[in-house]
Amino acid sequence: MKLTFWRTAALVVAALLFLAACGGEEKAPGTPTPGGARQPSGEPIKIGLNIEQSGSASVQGEAYARAATLWAEKVNREGGILGRPVELVIVDNKSDPTEAAVLTRRLVQQGVVAIVGPGTSPTTLAAMDAILESRVPVFSMGSADQIVVPVQQRPNVFKTPFHASQNVDAMLVDMKRRGIQRVGLLTVNNPYGESGLAAWRAAEQRGEIQIVAAEKFEANATDVTPQLTRIMSANPQAVVVWAIPPGAPLARRNAVENLRINVPMYHDAGAGAELFLRLAGQSAEGAFMVHPKTLVWDQIPQSDRQYQALQEFGRLYTQRYGEMSGFASYVWDALGLLKAAIEKAGSTDPQAITRALENLGEYVGATGVFRMSPQDHLGLRSEDLVLVTIRGGKWQLVR
-16 MKLTFWRTAA
-6 LVVAALLFLA
4 ACGGEEKAPG
14 TPTPGGARQP
24 SGEPIKIGLN
34 IEQSGSASVQ
44 GEAYARAATL
54 WAEKVNREGG
64 ILGRPVELVI
74 VDNKSDPTEA
84 AVLTRRLVQQ
94 GVVAIVGPGT
104 SPTTLAAMDA
114 ILESRVPVFS
124 MGSADQIVVP
134 VQQRPNVFKT
144 PFHASQNVDA
154 MLVDMKRRGI
164 QRVGLLTVNN
174 PYGESGLAAW
184 RAAEQRGEIQ
194 IVAAEKFEAN
204 ATDVTPQLTR
214 IMSANPQAVV
224 VWAIPPGAPL
234 ARRNAVENLR
244 INVPMYHDAG
254 AGAELFLRLA
264 GQSAEGAFMV
274 HPKTLVWDQI
284 PQSDRQYQAL
294 QEFGRLYTQR
304 YGEMSGFASY
314 VWDALGLLKA
324 AIEKAGSTDP
334 QAITRALENL
344 GEYVGATGVF
354 RMSPQDHLGL
364 RSEDLVLVTI
374 RGGKWQLVR
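For the sequence shown, the working numbering assigns the number -16 to the initial residue and increments by one for each residue that follows.
Here you go:
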């Protein structure tokens, strides 16, 4: 029954994407579309999407599915890849690490040439054995450095979010400007939080910051006031919260409403979703976050190298869904990188795609400027992260 469900879901997604590309009209193979591109024809190129559409990370999974659907519609409308239509095979791993591994293997059995997802650090790391066994290129949307490091042990694994260490580097730039030397850390108690804590510990060992307190909380917590109270008793100059929604906005709300904390509070890029604004409410005002430029895509100057990529993605996403998610560009760029690699390779052979990704050169995406190589399966630089804050219930670029 379960296998039948996923096969049916994949067929439905493929049919919808094909109809969207065709505009509902029957066309002979190879005939031009209204935009002038050739209608894709032949056997579809299958790309798997192993995402968290339910469970604790469903806010991310929703954004991933939305971005993937937009991307596939656009690509098929513009002629597909190598003249062939794209078929997304979307599966829900329920934010469950075991399910993520099972679905990785199932997608390979269904003939996908690449997989986008899992979409979190915990689900990706738990599925790593299955990912490595698959031998197809896999893009994770998790931020933990160890997803792609060391690269020799992750030959077919890539990712699009900035490393946890790069988030820390970007925060430190602003902290140094403000004279902040002592911080308190509040991290979610899972591999995602552990990656953030490890990155901060490394910065402390380099002498860049002093950690005066470090507390953890469970992903399903409903109150973190006790942890924040202990952090504040250590007299930090700033507090860093490392978690995705709903944990991140919960911490912000507890800090402002229960403790009236008035030191700067920083969040990593994982908090960057509209759910943060909705759940934190008025308490969100003044919070800081390091993030790709996507949250403030309409505030980026034309002189920025990513301007065109941000405009294209930002307009498509917000016109369709009415809001921007900080998670969405990770899938958008992963799929874009795969398309560029398949076209460079002139083949859908998974190993050829992997080699092409490593030798793609510079790819300007919505998330950042990617420069992947055999030694670097991320290829982003922390300089592409920006500092944003919340004013009047909206994301604002800190210039």
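For every residue, glycine included, the Cβ atom is placed at its ideal position computed from N, Cα and C.
- Linking Val239 to Ser266 through their CA atoms gives a straight-line distance of about 6 Å.
- Taking the Cα of Glu116 as reference, the smallest distance to any Cα among Gly102, Gln92, Pro229 is reached at Gln92.
- With a minimum length of 3 residues, the unbroken runs of beta strand (DSSP E) contained wholly in the region 37 to 100 fall at 69 to 75, 97 to 99.
- A residue is called buried when at least 16 other Cβ atoms come within 10 angstroms of its Cβ; Gly255 meets this threshold and is buried.
- The alpha-carbon separation between Ala55 and Val69 amounts to approximately 7 Å.
- Straight-line measurement puts the Cα of Asn241 at about 32 Å from the Cα of Asp79.
- Shown here for Glu345: same chain residues with a beta carbon closer than 8 Å to its own, the five before and five after excluded, namely Val352, Phe353, Arg354 in chain order.
- Asn59 and Ser312 have their C-alpha atoms spaced approximately 19 Å apart.
- Ranking Glu61, Gly44, Ile34 by CA distance to the CA of Pro23 puts Glu61 first.
- For the 9 Å CB-CB criterion, Glu201 and Thr103 do not form a contact.
- If you keep only unbroken beta strand (DSSP E) runs of at least 3 residues inside the region 259 to 318, you get 271 to 274.
- Ranking Arg160, Arg235, Arg189 by CA distance to the CA of Leu211 puts Arg235 first.
- Contact between Ala51 and Leu71 is confirmed by a C-beta separation of about 6 Å, below the 8 Å threshold.
- DSSP places Ala202 in no alpha helix (DSSP H); its state is neither H nor E.
- With respect to Asn33, Ala83 sits close: the two C-beta atoms are nearer than 9 Å.
- Of Asn76, Gly63, Gly25, the smallest CA-CA separation from Ser37 is found for Asn76.
- The C-beta distance from Leu155 to Leu168 rounds to 13 Å, too long to fall under 8 Å, and the pair is not in contact.
- Between the alpha carbons of Ile98 and Gly269 lies a gap of roughly 38 Å.
- DSSP, reduced to helix, strand and coil, places Val222 within a strand of the structure shown.
- Per DSSP, Ser123 is one residue of the beta strand (DSSP E) stretching across 121 to 123.
- Cβ-Cβ distances below 6 Å link Pro27 to Pro68, Glu70 in the same chain, with the five nearest sequence neighbours on each side left out; the list follows chain order.
- Here the alpha carbon of Leu340 sits roughly 31 Å from the alpha carbon of Pro228.
- The beta-bridge partner set that DSSP reports for His146 is empty.
- For the pair Ile283 and Leu299, the CB atoms are not nearer than the 9 Å cut-off.
- Look at Thr170 here: in three-state DSSP terms it is strand.
- Taking the Cα positions, Leu320 is about 18 Å away from Ile114.
- Contact between Gly309 and Leu278 holds, with the beta-carbon distance rounding to 5 Å and staying under 8 Å.
- Asn139 and Trp378 have their C-alpha atoms spaced approximately 35 Å apart.
- In the three-state DSSP reduction, Thr107 falls in the helix class (H, G or I).
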